[in-house]
Amino acid sequence: MVKASGKLADGFSGERGGRGGIGSVRVLGCESPREEAVEEEVAGVVAVAEEAGTNQLRAETWPTSRCKNQIKVDLVDENFTELRGEIGPPDTPYEEGRYQLEITIPATYPFNPPKVRFITKIWHPNISSVTGAICLDILKDQWAAAMTLRTVLLSLQALLAAAEPDDPQDAVVANQYKQNPEMFKQTARLRAHVYAGVPVSSPEYTKKIENLCAMGFDRNAVIVALSSKSWDVETATELLLSNSQNCF
Numbered sequence: 079m080v081k082a083s084g085k086l087a088d089g090f091s092g093e094r095g096g097r098g099g100i101g102s103v104r105v106l107g108c109e110s111p112r113e114e115a116v117e118e119e120v121a122g123v124v125a126v127a128e129e130a131g132t133n134q135l136r137a138e139t140w141p142t143s144r145c146k147n148q149i150k151v152d153l154v155d156e157n158f159t160e161l162r163g164e165i166g167p168p169d170t171p172y173e174e175g176r177y178q179l180e181i182t183i184p185a186t187y188p189f190n191p192p193k194v195r196f197i198t199k200i201w202h203p204n205i206s207s208v209t210g211a212i213c214l215d216i217l218k219d220q221w222a223a224a225m226t227l228r229t230v231l232l233s234l235q236a237l238l239a240a241a242e243p244d245d246p247q248d249a250v251v252a253n254q255y256k257q258n259p260e261m262f263k264q265t266a267r268l269r270a271h272v273y274a275g276v277p278v279s280s281p282e283y284t285k286k287i288e289n290l291c292a293m294g295f296d297r298n299a300v301i302v303a304l305s306s307k308s309w310d311v312e313t314a315t316e317l318l319l320s321n322s323q324n325c326f
């Protein structure tokens, strides 16, 4: 299980503050002290009145787009049980990508963690490339009531920047990460282009995708096959043909 504590220590503080019950998480890495101050002043506050028998979110302060470490959260319903998060850390293969998260708030929050998974497909050792499930300790047994959703989102952002391939959620991705780091970066970047809106990708990998798509294979299936077969067209084609035969 990937530990979030060590990742937050490098630039984030993720516990609830004591000022009127409002959680205070200082986001480091902004461009200047002035921007840090602006970020603090214009940070939005999500506050929910506590009513018996209803789901609740503690008041939490969210960082704004003025800071280099961007995080965005939107409500899906008025009961604050479903949210959509969005992250895309700089200086990683995922930079400029819009990675959406499905966030479900349990009735027992904040005593139990939110359920979080990636909706946007992503290539990362600690995130399932199929289901979007995340391997992170604070989403399971290491959650504490003092933590906030910001703790989770900042930890996820840190996880994208520093993977833990020895404790993987996706063994295929982890193996590529360890055996061929450059191929991993290019694969992650291409998938960021296809699924997360990143404008730049690998021309070489894109050509391989187009060639297999021209043979009649589904585009998403082609990307999955090439990614898992180290971008070897021959073995990827064999996998695609095998999967096609299994459908009949």
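Numbers given in my numbering equal positions in the sequence shown, counted from 1, plus 78. Glycine included, each C-beta is placed from N, C-alpha and C at the ideal position. Note that the structure is predicted; figures quoted are calculated from it, not measured.
Legend entry - Segment contact, 8 Å Cβ cut-off, at least three pairs: the segment 219 to 231 with the segment 254 to 273: no
Inset, instruction - Give the straight-line distance between the Cα atoms of Leu238 and Gly163, rounded to the nearest whole angstrom. - result: 15 Å
Inset, instruction - Could you check how far apart the C-beta atoms of Val250 and Ser306 are, in whole angstroms? I think they sit under 8 Å. - result: 5 Å
Inset, instruction - Using alpha carbons as the reference points, say which of Leu290, Asn289 and Lys263 lies closest to Ser280. - result: Lys263
Legend entry - Buried or exposed (CB count within 10 angstroms, at least 16 for buried), Asn298: exposed
Inset, instruction - Look at the alpha carbon of Leu214 and the alpha carbon of Ala314, and state the distance between them as a whole number of angstroms. - result: 31 Å
Inset, instruction - May I ask which residues mark the beginning and end of the alpha helix (DSSP H) holding Thr370? - result: The structure shown does not extend to residue 370, since the chain is modelled only from 79 through 326, so no value can be given for it.
Legend entry - C-alpha distance - Trp201 paired with Pro192, whole-angstrom precision: 23 Å
Legend entry - Terminal residues of the beta strand (DSSP E) in which Leu214 lies: Unbroken run through Leu214: none, as it is neither H nor E.
Inset, instruction - Please work out which residues of its chain come closer than 6 Å, Cβ to Cβ, to Thr198, disregarding the five sequence neighbours upstream and downstream, and give them in chain order. - result: Tyr177, Gln178, Tyr273 and Ala274
Inset, instruction - Give me the Cα-Cα distance between Glu260 and Gln220, rounded to the nearest whole angstrom. - result: 33 Å
Inset, instruction - Would you kindly report the start and end of the unbroken beta strand (DSSP E) that includes Thr182? - result: Tyr177 to Thr182
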